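Participant: With the working numbering, you'll find the sequence shown wraps up at 344, consecutive numbering, no jumps.
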Amino acid sequence: MVRANGAVSLRELARVVQTSEVTVRRDVRALEAEGLLDRRHGGAVLPGGFTRESGFPQKSHLATAEKTAIADLAAGFVEEGEAVVVGAGTTTQELARRLARIPGLTVVTNSLLVAQALAHANRVEVVMTGGTLRGSNYALVGSGAEQSLQGLRVSRAFLSGSGLTAERGLSTSNMLSASVDRALVQAAAEVVVLADHSKLGTDTMFQTVPTDVITRLVTDEPPPGDERAATELQALADQGVQIAVAGPEQSAGGDSGPPAPRRHPRHGGERRRTEDSVPLPGQRRTPQPAPTTMRPAAPLPDQNRVADLAPRRR
Numbered sequence: 031m032v033r034a035n036g037a038v039s040l041r042e043l044a045r046v047v048q049t050s051e052v053t054v055r056r057d058v059r060a061l062e063a064e065g066l067l068d069r070r071h072g073g074a075v076l077p078g079g080f081t082r083e084s085g086f087p088q089k090s091h092l093a094t095a096e097k098t099a100i101a102d103l104a105a106g107f108v109e110e111g112e113a114v115v116v117g118a119g120t121t122t123q124e125l126a127r128r129l130a131r132i133p134g135l136t137v138v139t140n141s142l143l144v145a146q147a148l149a150h151a152n153r154v155e156v157v158m159t160g161g162t163l164r165g166s167n168y169a170l171v172g173s174g175a176e177q178s179l180q181g182l183r184v185s186r187a188f189l190s191g192s193g194l195t196a197e198r199g200l201s202t203s204n205m206l207s208a209s210v211d212r213a214l215v216q217a218a219a220e221v222v223v224l225a226d227h228s229k230l231g232t233d234t235m236f237q238t239v240p241t242d243v244i245t246r247l248v249t250d251e252p253p254p255g256d257e258r259a260a261t262e263l264q265a266l267a268d269q270g271v272q273i274a275v276a277g278p279e280q281s282a283g284g285d286s287g288p289p290a291p292r293r294h295p296r297h298g299g300e301r302r303r304t305e306d307s308v309p310l311p312g313q314r315r316t317p318q319p320a321p322t323t324m325r326p327a328a329p330l331p332d333q334n335r336v337a338d339l340a341p342r343r344r
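Shown next, in the form of structure tokens:
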């Protein structure tokens, strides 16, 4: 796991090997003595630092259909004339390709690939942060990137990461990327996380967005039998995160336009949480009591199918 992700938390190791964190901590200490990994607070990394992880080319070939469907759905939340932040990542790059069709946008990004996807878009202004180039994902990081975001205010931030849990929120395995993502979040009134089902329930080294700051999660339908992802979705909804689930039909539309809405096979309907205001980062509206079953609602105009999981009664 450490070799694949570059870093891993003790909690995640204990879950995978089905043992206690005390036992995992002892084993990690022994592996460190052999020079196979380095211990860090709450986890372990490959020897020599924090940054070892799968490169962008490898990630770009993973879950491509899911990322396309998520990007199609997420683009429907952006309106003409908005100013938004788009972070680095393969899913956010897919989103950027769809934002190119929305006139009057201002897109602030630290990703060279997001900027490239928007470079020839008519009536879309692209603002790049400063910073140092991180070659593994073509993102600008470091103090230069963070300082260039000071004083900025936009309506929404679209971010992805390596893992998402209800307990810790969004996380990544790279310290520099996490620091810039936190600065991107501070610039936005609403935070939208893009994460396919494989990242649900995964907890990596560095927290980027706490759960109580996430306004909405855009994800895909977990496959049948994936109880971990389904449980995590419900736990996120219980904490007030709005859940939008993209279906496989949405990825078939590609860049030709938004696909038709579909009904959610597991929960039996299309839903959307009523939104009367946008919370600032660090603020959360108190969730209203609601039944645990889905309520059918009419599909939104010019937007893909949206489903919200209702909070359980306490």
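Glycine included, each C-beta is placed from N, C-alpha and C at the ideal position.
Keep in mind the model is a prediction, meaning the values are calculated, not measured.
(1) Across the segment 200-218 and the segment 252-259, are there enough close Cβ pairs to call them in contact, namely three or more that are closer than 8 Å?
(2) Going residue by residue through the segment 134-202, where are the continuous alpha helix (DSSP H) segments of at least 4 residues, counting only ones entirely within it?
(3) Could you tell me whether the segment 129-136 touches the segment 200-215, where touching means 3 or more Cβ pairs closer than 8 Å?
(4) From Asp211 to Gly117, what does the alpha carbon distance come to, in whole angstroms?
(5) For Pro254, does the three-state DSSP call read helix, strand or coil?
(6) Would DSSP call Thr49 helix, strand or coil?
(7) Anyone know if the C-beta pair for Ala125 and Leu214 falls short of 8 Å?
(8) What's the C-alpha gap between Leu206 and Glu176?
(9) Would you mind reading off the limits of the alpha helix (DSSP H) that contains Thr121?
(10) Can you tell which of Ile244, Asp250, Asp242 and Ser209 has the C-alpha that lies nearest to the C-alpha of Lys229?
(11) In terms of residues, what are the limits of the alpha helix (DSSP H) holding Leu66?
(12) Measure the CB-CB distance between Val58 and Val115 and report whether it falls below 8 Å.
(13) Is DSSP giving Ile132 helix, strand or coil here?
(14) Need the endpoints of the alpha helix (DSSP H) that Glu220 sits in, please.
(15) Can you list, in chain order, the residues of its chain whose CB lies under 6 Å from that of Arg296, leaving out five sequence neighbours each side?
(16) If you count every other CB in all the chains shown that lies within 10 Å of the CB of Thr122, and 16 or more means buried, which is it?
(17) Leaving out five residues before and five after Arg153 in sequence, what residues of the same chain have Cβ atoms less than 8 Å from its Cβ?
(18) Could you please give me the residues that DSSP links to Thr249 through a beta bridge?
(19) Within this structure, are the beta carbons of Thr238 and Gln272 separated by less than 8 Å?
(20) Under the three-state reduction of DSSP, which class applies to Gln237: helix, strand or coil?
(21) Going by C-alpha to C-alpha distance, which of Gly161, Leu163, Val144 and Thr162 sits closest to Glu155?
(22) Given this structure, state the Cα-to-Cα distance separating Gly181 from Ser166, to the nearest angstrom.
(23) Sorted by chain position, which residues of the same chain lie with C-beta nearer than 8 Å to Ser50's C-beta, five sequence neighbours on each side aside?
(24) Check the C-beta distance from Ala259 over to Gly231 and give it rounded, since I have them as a contact under 8 Å.
Facilitator: The short version:
(1) No, the segment 200-218 is not in contact with the segment 252-259.
(2) 142-148 and 173-178
(3) no
(4) 7 Å
(5) coil
(6) Thr49 sits in coil when the DSSP states are folded into three classes, being neither helix nor strand.
(7) Per the sequence shown, residue 125 should be read as Leu rather than Ala. No, the pair does not count as a contact, with Cβ atoms beyond the cut-off.
(8) Leu206 and Glu176: Cα-Cα distance of roughly 10 Å.
(9) Thr120 to Leu129
(10) Asp250
(11) For Leu66, there is no enclosing alpha helix (DSSP H), as DSSP gives it neither H nor E.
(12) Taking 8 Å as the Cβ cut-off, Val58 and Val115 do not qualify as a contacting pair.
(13) coil
(14) Not the alpha helix (DSSP H): Glu220 falls in the beta strand (DSSP E), residues Ala218 to Leu224.
(15) The pLDDT assigned to Arg296 is 41, lower than 50, so where the model puts this residue is not dependable; a value taken from the coordinates is nonetheless given after this. Counting only Cβ-Cβ distances below 6 Å, and skipping sequence neighbours, we find nothing.
(16) By the neighbour-count rule (16 or more Cβ atoms within 10 Å), Thr122 is buried.
(17) Pro133, Gly134 and Leu135
(18) Val275
(19) no
(20) strand
(21) Val144
(22) Going from the Cα of Gly181 to the Cα of Ser166 covers about 28 Å.
(23) Apart from the 5 residues on each side of it in sequence, Ser50 sits with its Cβ closer than 8 Å to the Cβ of Ala44 in its chain, given in chain order.
(24) 6 Å
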